[in-house]
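Number of protein chains: 2
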Amino acid sequence: MDDHNSGRRLKRAELSKVTGCHLETIRYYEKTGMMPDPRRSKTGYRLYDETHVSRLRFILRARDLGFSIEDIRGLLTLIDGQLQTCSEVKQRTESHLADVRTKIDDLKRIEQVLAETAAQCSGKDVPECPVLEALFHV
Amino acid sequence: MDDHNSGRRLKRAELSKVTGCHLETIRYYEKTGMMPDPRRSKTGYRLYDETHVSRLRFILRARDLGFSIEDIRGLLTLIDGQLQTCSEVKQRTESHLADVRTKIDDLKRIEQVLAETAAQCSGKDVPECPVLEALFHV
DNA sequence: GATACAGTCTGTAGCTGCTACAGATTAAAG
DNA sequence: CTTTAATCTGTAGCAGCTACAGACTGTATC
């Protein structure tokens, strides 16, 4: 209505809808500086544009890929300062990838132990249980 | 000194040491009912015995195996009511195992995406980066 | 016994990453 | 014009701990 050039502005609920991000989380990301303060209407309503949509999607996707909030802040800082280089980002990605692999290995070990122990269970209605034994006595 | 029959009692720091559980976490587990209130000395110091050691180890091991606090509370409730059966415990363990496997699969997908995307990186000192592209534009 | 220092007690606040709610204001719909 | 929906702000709550302040013990040394 009042925007002469750029595309239309979104209100918070709309941004929430198009990104899938929880309504309150948007405000939280603004408060913590991950999202910039948006323009406001005369009456104080937040008005978002495409840059906000992209940035929020960036955050959510990074989150989906398991990047920590700290990592994401780091990437955003690079971008905001236009200091990002493929070299740097690749390095950070590979570091995160290493963390993910460690986590997978940890979980696989857990899987092993659980599967092995459960396999020893009779599964009967008796109080003795190899799982509980394992937890109590190493 | 004042215990005529049972083994010696541990103070909180000692329980912490033998189990590896953080000092304050012990108090937290008591507050939340996962650990029973221990006996007290005349002057109010907590005095733990072997049953506390076992129970705390149980909690910590279950935690290490990725059981949620809720799951652990559930197991402890069974045990406390002497209602535990191998059948029931096996079932819960297998349910948790399924969760672990789901988690592993999720992480593997993440690993894939990260590895593939990072592989497209030139790794040079240029601002364009496939990782950032992927995060910004799907 | 005096003194010093460590250990313990309690209640409460802090942390992360959100999510929810209360009370006021504004927008949209009928 | 009235009702309902959306938004605003500040603040509180959640899990699962962890940390700290201020008071009280326990032990060691002199």
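In the order they appear, the protein sequences are chains B and S. Here the first sequence stands for residues 1 to 138, numbered as in full-length UniProt numbering. Here the second sequence stands for residues 1 to 138, numbered as in full-length UniProt numbering. Cβ atoms here follow ideal geometry from the backbone N, Cα and C, with glycine treated the same way. In this text, all values refer to a predicted model and were calculated from it rather than measured experimentally.
- prompt: The alpha helix (DSSP H) spanning residue 22 of chain S covers which residue range?
  reply: Neither: residue 22 of chain S is in no alpha helix (DSSP H) and is coded neither H nor E.
task = Within the same chain, show all residues whose beta-carbon is closer than 7 Å to that of residue 128 of chain B, passing over the 5 residues directly before and after it, in chain order.
result = Same-chain partners within the cutoff: there are none.
Quiz item: What did DSSP end up calling residue 2 of chain B once you bin it into helix, strand or coil?
Solution: Because residue 2 of chain B carries a pLDDT of 40, less than 50, the predicted location of this residue cannot be relied on, and no value is offered for it.
- residue 95 of chain B touches chain S at which residues, Cβ-Cβ below 7 Å? Those do not exist, as residue 95 of chain B stays about 10 Å from chain S at its closest Cβ, beyond 7 Å.
For residue 29 of chain B, the three-state DSSP class (helix, strand or coil): Residue state, collapsed to three classes: helix.
Review point. Considering only residues of the same chain and omitting the five flanking positions on each side of residue 39 of chain S, which have a CB-CB separation below 6 Å?
Key: Annotation for residue 39 of chain S: 47 place their beta carbon closer than 6 Å to its own, counting only its chain and skipping 5 residues before and after.
Interfacial residues, the stretch 113-136 of chain S to chain B, with Cβ spacing under 8 Å
Those residues of the stretch 113-136 of chain S that come within reach of chain B (Cβ to Cβ, closer than 8 Å) are 113, 114, 115, 117, 118, 121, 122, 123, 124, 125, 126, 127, 128, 129, 130, 131, 132, 134, 135 and 136.
Using 8 Å as the cut-off, can you tell me whether the stretch 53-73 of chain B makes contact with the stretch 12-29 of chain B, which would need three or more C-beta pairs spanning the two stretches below that distance?
The stretch 53-73 of chain B makes contact with the stretch 12-29 of chain B: 3 or more CB pairs, one atom from each, lie closer than 8 Å.
Check your understanding: Between which two residues does the alpha helix (DSSP H) containing residue 58 of chain B stretch?
Key -> 50-64 is the extent of the alpha helix (DSSP H) around residue 58 of chain B.
task = May I have the straight-line CA-CA distance separating residue 79 of chain S from residue 55 of chain B, to the nearest angstrom?
result = Here the alpha carbon of residue 79 of chain S sits roughly 50 Å from the alpha carbon of residue 55 of chain B.
Going by Cα to Cα distance, which pick from B:52, B:75, B:42 and B:136 is closest to residue 30 of chain B?
Comparing Cα-Cα distances from residue 30 of chain B to each of B:52, B:75, B:42 and B:136, the minimum goes to B:52.
| query | Can you pull the DSSP bridge partners for residue 132 of chain B? | reply | Partner(s): none; residue 132 of chain B has no beta bridge.
Using the beta-carbon of each residue, which ones in chain B are nearer than 9 Å to residue 25 of chain S? Residues of chain B whose Cβ lies closer than 9 Å to the Cβ of residue 25 of chain S do not exist; the shortest such Cβ separation is about 18 Å.
Check your understanding: Comparing the C-beta of residue 104 of chain B with each C-beta of chain S, is any distance below 8 Å?
Key -> Yes, its Cβ sits closer than 8 Å to a Cβ of chain S.
Beta-carbon contacts of residue 100 of chain B that lie in its chain and below 8 Å, excluding the five residues immediately before and after: Close CB contacts of residue 100 of chain B within its chain, under the 8 Å cut and outside five residues either way in sequence, are with 66 (chain order).
Cβ distance (whole Å) where residue 26 of chain S is taken to contact residue 9 of chain S below 8 Å: Incorrect: roughly 14 Å between the Cβ atoms, too far for contact.
query: Do the stretch 87-96 of chain B and the stretch 76-95 of chain S make contact, defined as three or more Cβ pairs closer than 8 Å?
result: In this structure the stretch 87-96 of chain B does not lie against the stretch 76-95 of chain S, because fewer than three pairs of beta carbons, one per stretch, are closer than 8 Å.
Item checked: Beta-carbon neighbours of residue 73 of chain B, restricted to chain S and to distances below 7 Å -> In chain order: nothing, as chain S lies at least about 14 Å away.
- Decide if residue 118 of chain B is buried, meaning its Cβ has at least 16 other Cβ atoms within 10 Å, or exposed. Flag for residue 118 of chain B reads buried.
Check your understanding: From the beta carbon of residue 54 of chain S, is the nearest beta carbon of chain B less than 8 Å away?
Key -> Answer yes: the Cβ-Cβ gap between residue 54 of chain S and chain B drops below 8 Å somewhere.
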